[in-house]
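Same order as they appear, the protein sequences are chains A and B.
Read in my numbering, the first sequence has 275 at position 47, and its numbers run on one by one without any break.
Read in my numbering, the second sequence has 14 at position 13, and its numbers run on one by one without any break.
The beta carbon of each residue, even a glycine, is placed where N, CA and C say it ideally should be.
No experiment lies behind these values; they were computed from the predicted model shown.
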Amino acid sequence: GENVEQHPSTLSVQEGDSAVIKCTYSDSASNYFPWYKQELGKRPQLIIDIRSNVGEKKDQRIAVTLNKTAKHFSLHITETQPEDSAVYFCAASRSSNTGKLIFGQGTTLQVKP
Amino acid sequence: EAGVAQSPRYKIIEKRQSVAFWCNPISGHATLYWYQQILGQGPKLLIQFQNNGVVDDSQLPKDRFSAERLKGVDSTLKIQPAKLEDSAVYLCASSPLGAGTGELFFGEGSRLTVL
Chain A
229 GENVEQHPST
239 LSVQEGDSAV
249 IKCTYSDSAS
259 NYFPWYKQEL
269 GKRPQLIIDI
279 RSNVGEKKDQ
289 RIAVTLNKTA
299 KHFSLHITET
309 QPEDSAVYFC
319 AASRSSNTGK
329 LIFGQGTTLQ
339 VKP
Chain B
2 EAGVAQSPRY
12 KIIEKRQSVA
22 FWCNPISGHA
32 TLYWYQQILG
42 QGPKLLIQFQ
52 NNGVVDDSQL
62 PKDRFSAERL
72 KGVDSTLKIQ
82 PAKLEDSAVY
92 LCASSPLGAG
102 TGELFFGEGS
112 RLTVL
């Protein structure tokens, strides 16, 4: 079945440094790749997403890159701040009304002030 | 606009007991999802509805879990009988269309502890 692998499981960086989280997916028909941020005890919330017709998308300090050939995509956070500390989940889905969103295992990001 | 509502927020039961969780999605959202999130793991899809029809329930343990979405609006997820490994947060989410078409809006979740 469909599977999404996410690495690393934990990541600790100094404030101001960059953070990179990587995911690979198994379903070659996947063409929608969102990233969700989940703060402790809170609901997951979408922070950025990318579709397979583009290779990179940026939104202020966050960016996502996609390599469809290799079936992997990455989240990049620059100039990290303590409020970026959270669990980040990648996910993959086919772009359709019946597509189902499969999540990775999550990465706990800690930004040290 | 009101978000996805879930209740109860917390539930503690003993194994072999039953429990039910309720979800009211954002008004007008056709698709509703139930995810199970075990501590330290990513959300795992249990069942996905589009309106009141089931799109996917391949990972729902049907011997003990059941879900319905009457009239294509709110939904109930039931576990009977519960096992220790069912301890998790049960997240309900909704979206205007399918999962691949855009953002899923999650509720706060229902935290289940099975003793």
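- So with Cβ pairs under 9 Å, would you call glutamine 234/A a contact of chain C? The structure shown has no chain C; the protein chains it does contain are A and B.
DSSP on glutamate 26/B, reduced to helix/strand/coil? Along the second sequence, read from residue 1 onward, the residue named residue 26/B stands at position 25. Rather than glutamate, the amino acid found at residue 26/B in this sequence is proline. Of the three classes helix, strand and coil, the one that applies to proline 26/B here is coil, per DSSP.
- Exposure of serine 240/A, with buried meaning 16 or more beta-carbon neighbours within 10 Å: The sequence position of residue 240/A within the first sequence is 12, counting from 1. So serine 240/A counts as exposed.
- What are the uninterrupted segments assigned as beta strand (DSSP E) that are 3 or more residues long and contained completely in the stretch 231-298 of chain A, given in chain order? Correct list: 232-235, 238-242, 247-253, 260-266, 273-279, 284-287, 290-295.
Checklist entry - Over what stretch of residues does the beta strand (DSSP E) that includes glutamine 51/B continue unbroken? => result Taking the first residue of the second sequence as position 1, residue 51/B is located at position 50. Counting along the chain, the beta strand (DSSP E) containing glutamine 51/B begins and ends at 45-51.
task: For phenylalanine 107/B, return the contacting residues in chain A, with the cut-off set at a CB-CB distance below 7 Å.
output: The residue given as residue 107/B occupies position 106 in the second sequence. The answer, in chain order, is Arg271, Pro272.
Worksheet entry | Assigned secondary structure, glycine 110/B (DSSP; H/G/I helix, E/B strand, else coil) | Locating residue 110/B in the second sequence gives position 109, counting from the first residue. Three-state result, glycine 110/B: coil.
> Taking DSSP as the reference, what is the three-state secondary structure of glycine 73/B?
Replying inline: The residue you call residue 73/B lines up with position 72 of the second sequence. It is helical.
Quiz item: Measuring CA to CA, which of Lys265/A, Tyr260/A, Gln309/A is closest to lysine 285/A?
Solution: Against the first sequence, residue 285/A aligns to sequence position 57. It is Tyr260/A.
Q. Does any CB atom of chain A fall closer than 9 Å to the CB of valine 74/B?
A. For the purposes of this step, residue 74/B is taken as the residue at position 73 of the second sequence. Taking 9 Å as the threshold, the shortest C-beta distance from valine 74/B to chain A does not fall below it.
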